[in-house]
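*Asks:* For reference, each letter of the sequence shown is one residue, going -22 to -1, 1 to 518 in mature numbering (1 follows the signal peptide of the UniProt record, and there is no 0).
Positions of the beta carbon are idealized from the N, C-alpha and C atoms, including for glycine.
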Amino acid sequence: MATKLVLITFAICRLLITVGLTMEPAELLRLVVDGQLSLDPSDVETASKDFGLMSRAEPLAVMHPASAEDVTRLVRAAYSSAKGFSVSARGHGHSINGQAQARNGVVVEMSGGNRVGSGKPAAGRSETVGRVVSEKGLYMDAWGGELWIEVLRATLEYGLAPKSWTDYLYLSVGGTLSNAGISGQAFNHGPQISNVLEVDVVTGKGELLTCSEERNSELFHAVLGGLGQFGIITRARIALEPAPKRVRWIRVLYSNFSAFTKDQEYLISLHGQPSSQKFDYVEGFVIVDEGLINNWRSSFFSPSNPVKISSIDSNGNGGVLYCLEITKNYDDSTADTIDQEIEALLEKLDFVPTSVFTTDLPYVDFLDRVHKAELKLRSKGLWDVPHPWLNLFVPKSRIADFDEGVFKGILGNKTSGPVLIYPMNKDKWDQQSSVVTPDEDVFYLVALLRSALDSGDETHTLEYLTDQNRRIFKFCDEAGIKIKQYLPHYTTQQEWMDHFGDKWPQFYQRKMEFDPRQILATGQCIFAGPSVSIAGHDQL
């Protein structure tokens, strides 16, 4: 009965939006803010697109907030408006399917310049970062729209750095915390949402609340991984640790998938060991054509030292090879022992003996490796193209089946971009958060990070790649592989209900508590959008 009521509500709200119950620009411009509320066509155009370049939705206006109070005023106006309008926070605009868009609503451009939130200084200013010691250790406060690269630069002034990262640092703090935030450190420290101590949140009612495990804990857990559905994160208190000086970066190749995953799973099982007895970062990727060994994710190999994967025997493995990517952090105090520590760890792995490739670089250069490659692609006009990315969590028990059906089957011998694969430990994820993962102790991220290019090759077209994504979903469904999407995208509420599974009732209840008029992040297409307020009462 509850499910039927939710679906009826969804349909009615969709109808109300269709007939045009939106706020007029003149009414919106009467809102008093310290920042800027813009109708400038260039601002609107920027906010109508994202990195995916596969959808477009024009907002009525774009807000450039000067503070968390500006965001509060805007959301409060949306909540109390008779007609209602949506509000979406936009960080660096790196979403794929229009998740940060707000058709006929307002997009809040959170990135760009320093802000002050709840009387707390913005990140990026030296006075905001320090060896602040609490019962939970070192931390810094960051504005929700601050980019992680800016956080890193600020903390490094004090010899500190966040514990958990994403591969790409030009993403906003609030954006990654609204999803999870993962990279090769997640096996050890958990995702970024497991390394935040406190957040300031503007709820869908226009309330600015400070949240933590001890204070407003329901909202705290809701917004972490909550896809922007319960509030806009204006400040985050991020856990820090002493930053290493340098990184030993290693890649080794496998022709056998079972050996590859066995070694990956062994390495992440060492997360509780002393730092000298484990790697600090564990990722990997699939190689189905030689060009992908050195792709836009990094400039690992120099042109003078190319990797010839054709010389490595794939042992009848369908021409597919697998690359394990690992790092070891060190500084002056551990430089003398790092070679022995790495050798001891590598001796326990079953990679192709002749395939060890190593480089050494500063810690910040390793973390910022993707951006350097981005600049090269931008110079060639190959960055601002459609990106039909697909990110999946695959249960450990079915990863071999996924390999046979997708890596050795559906992908063929061209992928139009990197294909990442690495495991994570579920016990490093807070199950009270809004994120859903497979119901196994270990699960894999599989990320197909493809770019659609007008190169004359059919396998590079947007149509081909999006159809390939559909084929992957169909294969998993027919094979009974219970995948979960990371950075999920669905078009119906029933699909979202299936995605959240047992978590859906809690997710829905949290929505009704913190954003009852369904104002926030409508680009996610989880709920219908703003409901209508009549005579002070919300009517659906």
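Is glycine 507 helix, strand or coil by DSSP?
*Replies:* Residue mapping note: residue 507 aligns to position 529 of the sequence shown, counting from 1. Coil, per DSSP.
*Asks:* Spatial neighbours of histidine 249 within its chain, please: CB distance less than 8 Å, with the 5 preceding and 5 following residues excluded, ordered by chain position.
*Replies:* Looking up residue 249 in the sequence shown gives position 271. Hits under 8 Å: Phe165, Asn166, Lys256, Asn403 and Lys406.
*Asks:* Find the nearest neighbour of phenylalanine 344 within the set Asp417, Asp258, Asp445 and Thr469, judged by alpha-carbon distance.
*Replies:* Walking along the sequence shown from the start, residue 344 turns up at place 366. Selected option, being the one with the closest Cα: Asp258.
*Asks:* Which value, in whole angstroms, describes the spacing of the CA atoms of valine 298 and histidine 365?
*Replies:* Numbered from its first residue, the sequence shown carries residue 298 at position 320. Numbered from its first residue, the sequence shown carries residue 365 at position 387. Distance between the alpha carbons of valine 298 and histidine 365: 23 Å.
*Asks:* Is it right to say phenylalanine 198 is buried, meaning 16 or more other beta carbons lie within 10 angstroms of its own, or is it exposed?
*Replies:* By 1-based counting over the sequence shown, the position of residue 198 is 220. The residue is buried, with at least 16 neighbouring Cβ atoms inside 10 Å.
*Asks:* Any idea what DSSP makes of glutamate 491, helix, strand or coil?
*Replies:* Taking the sequence shown and counting its residues from 1, the one referred to as residue 491 is at position 513. DSSP places glutamate 491 in helix when its eight states are reduced to three.
*Asks:* Thinking C-beta only, is aspartate 267 closer than 8 Å to lysine 392?
*Replies:* Within the sequence shown, numbered from 1, the residue matching residue 392 stands at position 414. Within the sequence shown, numbered from 1, the residue matching residue 267 stands at position 289. A contact, by the Cβ cut-off of 8 Å.
*Asks:* Just the C-alpha distance for arginine 229 and alanine 237, rounded to the nearest angstrom, thanks.
*Replies:* The sequence position of residue 229 within the sequence shown is 251, counting from 1. The sequence position of residue 237 within the sequence shown is 259, counting from 1. So the two alpha carbons sit approximately 15 Å from each other.
*Asks:* Taking DSSP as the reference, what is the three-state secondary structure of glutamine 472?
*Replies:* Translated into positions along the sequence shown, residue 472 becomes position 494. If DSSP states are grouped into helix, strand and coil, glutamine 472 belongs with the helices.
*Asks:* By Cβ distance below 7 Å, which residues in the same chain neighbour valine 342 in space, the five residues on each side in sequence not counted?
*Replies:* The residue given as residue 342 occupies position 364 in the sequence shown. Leu130 and Leu134, listed in sequence order.
*Asks:* Should aspartate 48 be labelled buried (16 or more other beta-carbon atoms within 10 Å of its own) or exposed?
*Replies:* Here residue 48 is taken as the residue at index 70 of the sequence shown, counted from 1. It counts as buried.
*Asks:* Checking the sheet assignment: what are the DSSP bridge partners for histidine 42?
*Replies:* Stepping through the sequence shown from its first residue, residue 42 is reached at position 64. For histidine 42, which the question treats as bridged, DSSP gives the partners Gln14.
*Asks:* In the DSSP output, which residue or residues are listed as bridge partners for glycine 262?
*Replies:* By one-based count along the sequence shown, residue 262 stands at place 284. Bridge partners of glycine 262: Leu302.
*Asks:* In the structure shown, what three-state DSSP assignment does glycine 387 receive?
*Replies:* Within the sequence shown, the letter at position 409 stands for residue 387. In this structure, glycine 387 counts as helix in the three-state DSSP scheme.
*Asks:* Taking the alpha carbon of arginine 68 as the reference point, which residue from Gly83, Arg54 and Ala56 has its own alpha carbon closest?
*Replies:* As a position in the sequence shown, residue 68 is number 90, starting the count at 1. Out of Gly83, Arg54 and Ala56, Gly83 has the C-alpha closest to the C-alpha of arginine 68.
*Asks:* With which residues is lysine 462 paired in a DSSP beta bridge?
*Replies:* As a working note, residue 462 is residue 484 in the sequence shown. For lysine 462, which the question treats as bridged, DSSP gives the partners Phe371.
*Asks:* What does a CB cutoff of less than 7 Å around lysine -19 pick up in its chain, not counting 5 residues either side in sequence?
*Replies:* Numbered from its first residue, the sequence shown carries residue -19 at position 4. Residue confidence for lysine -19 is low, a pLDDT of 43 falling below 50, so the modelled location carries little weight and cannot support an answer.
*Asks:* Check whether the stretch 414 to 421 touches the stretch 429 to 447, taking contact to mean three or more Cβ pairs, one atom from each stretch, closer than 8 Å.
*Replies:* The stretch 414 to 421 is not in contact with the stretch 429 to 447.
*Asks:* Which value, in whole angstroms, describes the spacing of the CA atoms of glutamine 471 and histidine 477?
*Replies:* The count along the sequence shown starts at 1 and reaches residue 471 at position 493. The count along the sequence shown starts at 1 and reaches residue 477 at position 499. Roughly 10 Å between the two C-alpha positions.
*Asks:* Can you tell me whether glycine 507 is buried or exposed? The criterion is at least 16 other CB atoms within 10 Å of its CB, across all chains shown.
*Replies:* As a position in the sequence shown, residue 507 is number 529, starting the count at 1. Buried.
*Asks:* What does a CB cutoff of less than 6 Å around lysine 183 pick up in its chain, not counting 5 residues either side in sequence?
*Replies:* Locating residue 183 in the sequence shown gives position 205, where the first residue counts as 1. So the qualifying residues of the chain are Tyr57.
*Asks:* Could you tell me if valine 10 is buried or exposed, where buried requires 16 or more neighbouring beta carbons within 10 angstroms of its beta carbon?
*Replies:* The sequence position of residue 10 within the sequence shown is 32, counting from 1. Under this definition valine 10 is an exposed residue.
*Asks:* Which class does glutamate 219 belong to by DSSP, given the choice of helix, strand or coil?
*Replies:* For the purposes of this step, residue 219 is taken as residue 241 along the sequence shown, with counting starting at 1. Strand, per DSSP.
*Asks:* Pull up the distance between the alpha-carbon of proline 19 and that of glycine 30, whole angstroms please.
*Replies:* Locating residue 19 in the sequence shown gives position 41, counting from the first residue. Locating residue 30 in the sequence shown gives position 52, counting from the first residue. Looking at the two C-alpha atoms, the distance is approximately 21 Å.
*Asks:* Rounded to whole angstroms, what's the CA-CA distance from phenylalanine 335 to glycine 395? Just pull it up for me.
*Replies:* On the sequence shown, position 357 is the one that residue 335 refers to. On the sequence shown, position 417 is the one that residue 395 refers to. Taking the straight line from one Cα to the other gives about 21 Å.
*Asks:* Which runs of the alpha helix (DSSP H), 4 residues or longer, sit entirely within the stretch 27 to 94?
*Replies:* Runs found: 46 to 58.
*Asks:* Can you tell which of Gly458, Leu389 and Lys350 has the C-alpha that lies nearest to the C-alpha of serine 375?
*Replies:* Taking the sequence shown and counting its residues from 1, the one referred to as residue 375 is at position 397. Measuring from the Cα of serine 375, the nearest candidate turns out to be Gly458.
*Asks:* Hey, how far is the Cα of valine 372 from the Cα of tyrosine 400?
*Replies:* Mapped onto the sequence shown, residue 372 falls at position 394. Mapped onto the sequence shown, residue 400 falls at position 422. Taking the straight line from one Cα to the other gives about 10 Å.
*Asks:* With distances taken from CA atoms, which of Pro43, Lys240 and Ser195 is nearest residue 555?
*Replies:* Since the displayed the chain opens at -22 and closes at 518, residue 555 lies outside it and no answer follows.
*Asks:* How long is the line joining the alpha carbons of leucine 465 and lysine 27, rounded to whole angstroms?
*Replies:* Here residue 465 refers to the residue found at position 487 of the sequence shown. Here residue 27 refers to the residue found at position 49 of the sequence shown. One C-alpha to the other measures close to 17 Å.
*Asks:* Under 7 Å: does the beta carbon of isoleucine 246 sit that close to some heavy atom of the ligand GDP?
*Replies:* No copy of the ligand GDP occurs in the structure displayed, which carries no ligand at all.
*Asks:* Hey, how far is the Cα of threonine 144 from the Cα of leucine 360?
*Replies:* Here residue 144 is taken as the residue at index 166 of the sequence shown, counted from 1. Here residue 360 is taken as the residue at index 382 of the sequence shown, counted from 1. C-alpha separation (whole angstroms): 22 Å.
*Asks:* Does DSSP classify glycine 148 as helix, strand or coil?
*Replies:* For this step, residue 148 is matched to residue 170 along the sequence shown. First, the residue type needs correcting, since residue 148 is tyrosine and not glycine in the sequence shown. If DSSP states are grouped into helix, strand and coil, tyrosine 148 belongs with coil.
*Asks:* To the nearest angstrom, how far is the alpha carbon of phenylalanine 492 from that of threonine 181?
*Replies:* Residue numbering aside, residue 492 sits at position 514 when the sequence shown is read from its first letter. Residue numbering aside, residue 181 sits at position 203 when the sequence shown is read from its first letter. Each residue's Cα considered, the two are about 6 Å apart.
*Asks:* According to DSSP, simplified to helix, strand and coil, what is aspartate 381?
*Replies:* Taking the first residue of the sequence shown as position 1, residue 381 is located at position 403. Note: aspartate 381 maps to helix in three-state DSSP.
*Asks:* My output table needs one value for threonine 500: the three-state DSSP class, helix, strand or coil.
*Replies:* Here the question's residue 500 lines up with position 522 in the sequence shown. Looking at threonine 500 - three-state DSSP - the assignment turns out to be helix.
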